[in-house]
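For reference, the structure discussed in these notes is given below.
There are 2 protein chains.
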Amino acid sequence: MADFVNIAKQFTEFYYNQFDIDRKQLAPLYRDNSMLTFESASVAGTAGIVEKLSSLPFQQVKHQVSTLDAQPSGDAGGILILVTGALLVDEEQRSMNYSQAFQLLPDGQGSYFIFNDIFKLVFG
Amino acid sequence: MADFVNIAKQFTEFYYNQFDIDRKQLAPLYRDNSMLTFESASVAGTAGIVEKLSSLPFQQVKHQVSTLDAQPSGDAGGILILVTGALLVDEEQRSMNYSQAFQLLPDGQGSYFIFNDIFKLVFG
Chain V
1 MADFVNIAKQ
11 FTEFYYNQFD
21 IDRKQLAPLY
31 RDNSMLTFES
41 ASVAGTAGIV
51 EKLSSLPFQQ
61 VKHQVSTLDA
71 QPSGDAGGIL
81 ILVTGALLVD
91 EEQRSMNYSQ
101 AFQLLPDGQG
111 SYFIFNDIFK
121 LVFG
Chain D
1 MADFVNIAKQ
11 FTEFYYNQFD
21 IDRKQLAPLY
31 RDNSMLTFES
41 ASVAGTAGIV
51 EKLSSLPFQQ
61 VKHQVSTLDA
71 QPSGDAGGIL
81 ILVTGALLVD
91 EEQRSMNYSQ
101 AFQLLPDGQG
111 SYFIFNDIFK
121 LVFG
């Protein structure tokens, strides 16, 4: 029953680890019909998404996941994930809170790709 | 193009308004295959969801939406929504931050219902 939870955890761990090491290498996790909304700016497609992520104005970044919840997202075998966490960039001493929603879809080869990706910093 | 954004805004405005007035009346927005994960406790189906929401340990509640982002969530015409906001309950002076992810699906009658609902308080 909770298999989707394990998949969600493994996927996000891999994603944030890769993001923090070298976010230019995230292309294999997206497809040409994927969407990213990062701080309310939306791009679509692998190339546009990786370009957007690569151009973010920081060099070093470290994601720290606080909570992760997941649900099956439909008949196609997708998984909806809500992550809350903290982000530390470059020389900043204080982390920023963020929330991120992913919808993963099966890639037909036993793995998953990111179809929906919405990232938002949380202030206050 | 941005029609899903308007639908997302109208839907969540209606949802939070109804939640804050009388959350027992939210049943028409769910279906028997809907899922709610509220602070990491999961329930499924309209009856279970409304029972869970009704049993939350507060009487008065006021949601205040800070940000809303939306994306189309698949071929079925769904909409994925990420809300960040603040919640004020009962006599508390300080609001709590929350994040909430919804997936809306078309109900076949020109409207939408909530298929996925993940609510999480954000601390720190």
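From first to last, the protein sequence lines are chains V and D.
Residue 38 in the UniProt record's numbering is what sits at position 38 of the first sequence, and the numbering runs on without skipping anything.
Residue 65 in the UniProt record's numbering is what sits at position 65 of the second sequence, and the numbering runs on without skipping anything.
Note that the Cβ used here is the ideal one computed from N, Cα and C, for glycine as well.
Keep in mind the model is a prediction, meaning the values are calculated, not measured.
Exercise. Going by alpha carbons, who is nearest to GLN100 of chain D out of D:ASP22, D:PHE4, D:TYR30 and D:LEU68?
Worked result: D:LEU68
Exercise. Which residues of chain V have a Cβ atom closer than 7 angstroms to the Cβ of ASN116 of chain D, listed in chain order?
Worked result: GLN71, SER73 and LEU80
Exercise. If you measure from the beta carbon of SER99 of chain D to each beta carbon in chain V, is any gap under 8 angstroms?
Worked result: yes
Problem set entry | One or two residues paired with PHE102 of chain D in a DSSP bridge | D:ILE81 and D:ASP117
Exercise. Grouping DSSP H, G and I as helix and E and B as strand, with all else coil, what is PRO72 of chain V?
Worked result: strand
Exercise. With distances taken from CA atoms, which of V:MET35, V:PHE113 and V:VAL122 is nearest LEU80 of chain D?
Worked result: V:MET35
Exercise. What is the DSSP secondary structure of ARG94 of chain V, counted as helix, strand or coil?
Worked result: coil
For this session: Note the first and the last residue of the continuous beta strand (DSSP E) segment covering LEU36 of chain D.
Result: 30-38
Problem set entry | Supposed contact pair ARG23 of chain V and PHE113 of chain V - C-beta distance, whole angstroms, cut 8 angstroms | Not really, about 16 angstroms apart at Cβ, beyond 8 angstroms.
Problem set entry | Partner residues on chain V for THR84 of chain D, Cβ-Cβ distance less than 8 angstroms | SER99, LYS120 and VAL122
Problem set entry | Other residues of its chain near LYS9 of chain D: CB distance less than 7 angstroms, five sequence neighbours each side excluded | LEU68
Problem set entry | Counted within 10 angstroms of its Cβ, other Cβ atoms place PHE123 of chain V as buried (16 or more) or exposed | exposed
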